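Participant: Here it is, the structure, as structure tokens.
There are 2 protein chains.
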Amino acid sequence: MRFVIIGGDAAGMSAASRAKRKDPDMEVIVLEQTQDVSYSACGMPYNIADPERDMDKLVVRKAEVFIDKNHINLLTGHRVDKIDRVSKKVAGKTSDQKDFSFDYDKLFIATGASPILPELSGFDLPQVMTLKSLEHGKTIKSYIQAKNVKKAVIIGMGYIAIEMSEAFRKRNIETVMVKPRSEFLPWMAKDLAEIVRKELTENDVKLHPGYAIQQIVSQEHGVSVECDNLSLEADMVLVAQGVNPCSDMAKDAGLELGISGSIVVDRHLKTSDNDIYAAGDCADAFHLVTGQRCYIPLALRANRAGWAVADNICGTRTSLQGVVGTSVFRAFSLEIARSGLNVEEALDAGFDPVENTVKTRSRAHGHPGSKPIYISMVGDRKTGRLLGCQMVGKEGVAHRINAIAVALHNHMTVADFSQTDLAYAPPFSPVWDPLLTAANQLVKKLG
Amino acid sequence: MRFVIIGGDAAGMSAASRAKRKDPDMEVIVLEQTQDVSYSACGMPYNIADPERDMDKLVVRKAEVFIDKNHINLLTGHRVDKIDRVSKKVAGKTSDQKDFSFDYDKLFIATGASPILPELSGFDLPQVMTLKSLEHGKTIKSYIQAKNVKKAVIIGMGYIAIEMSEAFRKRNIETVMVKPRSEFLPWMAKDLAEIVRKELTENDVKLHPGYAIQQIVSQEHGVSVECDNLSLEADMVLVAQGVNPCSDMAKDAGLELGISGSIVVDRHLKTSDNDIYAAGDCADAFHLVTGQRCYIPLALRANRAGWAVADNICGTRTSLQGVVGTSVFRAFSLEIARSGLNVEEALDAGFDPVENTVKTRSRAHGHPGSKPIYISMVGDRKTGRLLGCQMVGKEGVAHRINAIAVALHNHMTVADFSQTDLAYAPPFSPVWDPLLTAANQLVKKLG
Chain A
23 MRFVIIGGDA AGMSAASRAK RKDPDMEVIV LEQTQDVSYS ACGMPYNIAD PERDMDKLVV
83 RKAEVFIDKN HINLLTGHRV DKIDRVSKKV AGKTSDQKDF SFDYDKLFIA TGASPILPEL
143 SGFDLPQVMT LKSLEHGKTI KSYIQAKNVK KAVIIGMGYI AIEMSEAFRK RNIETVMVKP
203 RSEFLPWMAK DLAEIVRKEL TENDVKLHPG YAIQQIVSQE HGVSVECDNL SLEADMVLVA
263 QGVNPCSDMA KDAGLELGIS GSIVVDRHLK TSDNDIYAAG DCADAFHLVT GQRCYIPLAL
323 RANRAGWAVA DNICGTRTSL QGVVGTSVFR AFSLEIARSG LNVEEALDAG FDPVENTVKT
383 RSRAHGHPGS KPIYISMVGD RKTGRLLGCQ MVGKEGVAHR INAIAVALHN HMTVADFSQT
443 DLAYAPPFSP VWDPLLTAAN QLVKKLG
Chain B
23 MRFVIIGGDA AGMSAASRAK RKDPDMEVIV LEQTQDVSYS ACGMPYNIAD PERDMDKLVV
83 RKAEVFIDKN HINLLTGHRV DKIDRVSKKV AGKTSDQKDF SFDYDKLFIA TGASPILPEL
143 SGFDLPQVMT LKSLEHGKTI KSYIQAKNVK KAVIIGMGYI AIEMSEAFRK RNIETVMVKP
203 RSEFLPWMAK DLAEIVRKEL TENDVKLHPG YAIQQIVSQE HGVSVECDNL SLEADMVLVA
263 QGVNPCSDMA KDAGLELGIS GSIVVDRHLK TSDNDIYAAG DCADAFHLVT GQRCYIPLAL
323 RANRAGWAVA DNICGTRTSL QGVVGTSVFR AFSLEIARSG LNVEEALDAG FDPVENTVKT
383 RSRAHGHPGS KPIYISMVGD RKTGRLLGCQ MVGKEGVAHR INAIAVALHN HMTVADFSQT
443 DLAYAPPFSP VWDPLLTAAN QLVKKLG
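In order, the protein sequence lines correspond to chains A and B.
For the first sequence, the tail end lands on 469 under my numbering, and the numbers increase by one without skipping.
For the second sequence, the tail end lands on 469 under my numbering, and the numbers increase by one without skipping.
Written out as structure tokens, the structure is:
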């Protein structure tokens, strides 16, 4: 049996390794267009922040290890262009422009996602960059060094944009962020978004929300980002406006696409073709709160789905329950986390959402070093169900959100959540954990 | 209606305040034997550690506030000795030896717990102390100051003993711990207990487990704790061998007692007498993992149960689901947390426990500052159910345990828990959260 995998990132390599572990006789071919596999992509902003740290430190396992130790036929520099479902074949070109093709018994599309680039003039200039692959990361880092970058513009204000603003500031680069939409972190409760906005401002990141970008123009030194009534000069521009699933090939092959163009898969990660699986940032997932399909491209899901694909291909029927939309990121000294739905998403999913925001403390009364924690919690008026939660604070946020994630997996009501036996010790929380205070107050508001 | 509360600590004052808020016309009388109400008892070790910090900083609300603002008839220095259930009366003595008695319509016993003191010679010496009330805390702190304490012996090695060892070391007091049982932290998985033991040793705390104490003897300077083959000299001795529920009065009144002599209450916190409630460290609780009664005296439960008593007395029928045995404490730079059952407890409860211990990391691959996290997880072979979890590490432990607590409330299987969508960002965790790595491996072991 030959198992062909398109894409050697988180989902692809997880599946390849697991398949070989479960069935050493299986022929596993991975076709990866870049030279890099198995690296911590999410670690790139933190690595870029530190000129002393080698970017190869992010590589978890080198290609040779997969080839020599795991006996995976891993072919880097192999870009697949076409899937022929009738003859069960994939074809493409190597980085030195040679054609290749492979038959498959089972195919796994793990092509990931690519940064959204607007079709505007100047976005192809060499000073304009994106951050998705390790190559991107290395390009940005060496560009900062080589050109002695003093000023950067970031287009976008999502979590990668914010993480990169921190990286730039740590390297003492003047940092300006701009985006068309006027709300800062629109998915976040307003009070909480304001805390994050302040943190960025206090760290000398200039924010220009509400400016549609018209073009990027080359200047004598660097470029300028031209918006309505605003012109921002910079040595380099990072475009971080989110990603699109790399699903064109799947579409051309006639596979079903869904939300945001992601490849539709069932709970076994199977596409509309019985012999083709898809997972990672190119595929969709079930959302356990809405019960509907969603597109939330994150690393844990990619790794987990890669394993599940391998299990299914190796005959251990495995289904994934789905995601609840948990994420966390850091903005300078702030931890920002969410899980589940915000009010808008809850309305879209047909709930009757009630939101409540509390400000509480990270440590017990009288314990030194306590920091504010802001929590916005959403429940459903009809059923009392917990729908989602967002948190911002300087400590005690990143791991606390996991309690919410587990509650959402279990469709808990806010009232039941408010009864949970959470941990207390003065250095770590008040007697009533911030999440319990949030839940207690939301229970009252739900009536 | 007159609502009488015996004991003005967490449970008692929570109930008093809530009852007055819900029903301002209710006459609420609180009889507290000490002079202090509403303080962060758990904060005392951290306060004692710092000579600059005033111990009154731990007081959340002064007695006068409850009296003047909440109109609670709060009587400090009132020690209740007797409950007369037939005439519905409590009686006792004030601190200046005057008799008092009060009729009640509803009575709430919130007498708490008291430190276990062995009936051995020398435990009544002035150098021998315990830590439970704010008075105790103040006594210890001023004793350290006044007598310039250089050497302390702690009898016991539980979490208060360990927190106090940290406090003593911070004040540069030579610290020796001794206890009869030979296992250090016997409730903890051996590998994890060893990490904690090392942390104490590295912080110059000397440990002598396995020594039965015979007596404490007065010396020219200080005292000596005499054991078999061991004599430990000290300026002061702290006895921290756990607590017993203060339930003698309830017993004398004919109320039903249960585990460790705690007062038996139903899910509404009602005792075997229809007009008498009990909660806090003097009462038992249902354990949601075993389905059986347990005695786990902790602060969150006391506060929560106080509220529930008030709700029930005010006509809002409220029941508490129970506890899952979550706790956390700090030992120098270590966070130590648990929730649910260990192997021994699981066996006692009729499960077929399987335990697995993993060592993983607190941050992503390649992210600087990562620390080891040790997790021991227990599941039931028959049902696959998650039964408990213990964690030790220098970061990322204290709040992460809450995810386990919520899972235990929901009777999740280890396999279902391993599918949860936990948060990931490089500064806060590996892609696979340590809890997921622990669950993934335990799933395999469960077969």
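Cβ atoms here follow ideal geometry from the backbone N, Cα and C, with glycine treated the same way.
If you're wondering where the values come from, they're calculated on a predicted model, not measured in any experiment.
Tell me the rounded alpha-carbon separation between A/Ser451 and A/Arg383.
Facilitator: Whole-angstrom Cα-Cα distance: 7 angstroms.
Participant: Using a C-beta to C-beta distance shorter than 7 angstroms, which residues of chain A count as neighbours of B/Lys79?
Facilitator: Gly388
Participant: Could you tell me which residues DSSP pairs with B/Gly415 in its beta bridges?
Facilitator: Answer is B/Glu357 and B/Ile395.
Participant: Measuring only the C-alpha atoms, how far is A/Phe373 from A/His309?
Facilitator: Looking at the two C-alpha atoms, the distance is approximately 14 angstroms.
Participant: How far does the alpha helix (DSSP H) with B/Lys163 in it reach, from first residue to last?
Facilitator: Leu156 to Lys169
Participant: When the distance is taken between beta carbons, is B/Gly34 closer than 7 angstroms to B/Val50?
Facilitator: Contact: no.
Participant: Hey, A/Ala168 and A/Phe190: beta-carbon distance below 7 angstroms or not?
Facilitator: no
Participant: 7 angstroms is my cut-off, CB to CB: does A/Asp456 come that close to chain B?
Facilitator: For clarity, residue 456 of chain A is Pro in the given sequence; the question names Asp instead. Taking Cβ atoms only, chain B never reaches closer than 7 angstroms to A/Pro456, which makes this a no.
Participant: So the candidates are A/Val108, A/Gly347 and A/Ile298; which of them puts its Cα closest to the Cα of A/Tyr317?
Facilitator: A/Gly347
Participant: Quick one: what's got a C-beta closer than 6 angstroms to B/Leu97's C-beta in the same chain, skipping five residues either side?
Facilitator: Leu53
Participant: Could one say the Cβ of A/Val82 lies closer than 7 angstroms to chain B's Cβ atoms, at least one of them?
Facilitator: yes
Participant: Determine the burial state of B/His100: buried for a count of at least 16 other Cβ atoms within 10 Å of its Cβ, exposed for fewer.
Facilitator: buried
Participant: Determine the direct distance from the alpha carbon of A/Ile281 to that of A/Asp288, and round the result to whole angstroms.
Facilitator: The alpha-carbon atoms of A/Asp288 and A/Ile281 are separated by roughly 14 angstroms.
Participant: Which word fits B/His243, buried or exposed, when buried means at least 16 other C-beta atoms lie within 10 angstroms of its C-beta?
Facilitator: Result: exposed.
Participant: Show which residues of chain B have a CB atom less than 7 angstroms away from the CB atom of A/Leu342.
Facilitator: Gln441
Participant: Report the rounded CA-to-CA distance for A/Ser36 versus A/Val59, giving the unit in angstroms.
Facilitator: 11 angstroms
Participant: What's the gap between the Cα of A/Pro140 and the Cα of A/Ile285?
Facilitator: 22 angstroms
Participant: Let me check understanding here. Comparing Cα to Cα, which of A/Lys79, A/Asn432, A/Phe206 and A/Val414 lies closest to A/Met399?
Facilitator: A/Val414
Participant: Is the separation between the beta-carbon of B/Pro67 and that of B/Val265 shorter than 7 angstroms?
Facilitator: no
Participant: Buried or exposed: B/Asp13, going by 16 or more other Cβ atoms within 10 Å of its Cβ?
Facilitator: Nothing in the structure corresponds to residue 13 of chain B, since chain B is present only between 23 and 469.
Participant: Quick one: is A/Arg407 near chain B, going by C-beta distance under 7 angstroms?
Facilitator: no
Participant: Taking C-beta to C-beta, are A/Pro456 and A/Ala386 nearer than 7 angstroms?
Facilitator: Contact flag unset, no.
Participant: Starting from A/Arg352, find everything on chain B with Cβ-Cβ shorter than 8 angstroms and list it in chain order.
Facilitator: Ala447, Pro449 and Phe450
Participant: May I ask you to report which of helix, strand or coil DSSP gives B/Asn5?
Facilitator: There is no way to answer for residue 5 of chain B, as the model of chain B reaches only from 23 to 469.
Participant: Residues in the segment 349-373 of chain A with C-beta within 8 angstroms of chain B's C-beta atoms, listed in sequence order?
Facilitator: Ser349, Val350, Phe351, Arg352, Glu357, Ala359 and Ser361
Participant: What are the uninterrupted segments assigned as alpha helix (DSSP H) that are 4 or more residues long and contained completely in the segment 260-323 of chain A, given in chain order?
Facilitator: 270-274
Participant: Check for me: the beta strand (DSSP E) holding B/Lys115 runs from which residue to which?
Facilitator: Per DSSP, the continuous beta strand (DSSP E) segment holding B/Lys115 begins and ends at Lys111 to Thr116.
Participant: Suppose the cutoff is 7 angstroms on Cβ atoms and the five residues either side in sequence are ignored; what does the same chain contact list for B/Ser123 look like?
Facilitator: Lys111, Val112 and Ala113
Participant: When you compare the CB of A/Lys225 with every CB in chain B, is at least one pair closer than 7 angstroms?
Facilitator: Per the sequence shown, residue 225 of chain A should be read as Asn rather than Lys. So, not an interface residue.
Participant: Quick check on the burial criterion: 16 or more other C-beta atoms within 10 angstroms. Buried or exposed for A/Val128?
Facilitator: Checking the sequence shown, residue 128 of chain A turns out to be Lys, not Val. It counts as buried.
Participant: Hey, would you say B/Leu322 sits closer than 7 angstroms to A/Gly388, going by beta carbons?
Facilitator: Cβ distance not < 7 angstroms, so B/Leu322 and A/Gly388 don't count as in contact.
Participant: Would you list, in sequence order, the uninterrupted alpha helix (DSSP H) runs of no fewer than 4 residues that lie entirely inside the segment 23-91 of chain B?
Facilitator: 32-44, 66-70 and 85-90
Participant: Classify A/Asn170 as buried or exposed, calling it buried when 16 or more other Cβ atoms lie within 10 Å of its own Cβ.
Facilitator: exposed
Participant: Roughly how far, in whole angstroms, is the beta-carbon of B/Leu291 from the beta-carbon of B/Ala275, given that I think they are within contact range, below 8 angstroms?
Facilitator: Between B/Ala275 and B/Leu291 the Cβ distance is about 17 angstroms, and since that is not below 8 angstroms, they are no contact.
Participant: In angstroms, rounded to a whole number, what distance separates the CA positions of B/Trp329 and B/Ser246?
Facilitator: CA-CA distance, B/Trp329 to B/Ser246, rounds to 45 angstroms.
Participant: State the start and end residues of the unbroken alpha helix (DSSP H) segment that holds B/Val465.
Facilitator: Pro456 to Leu468
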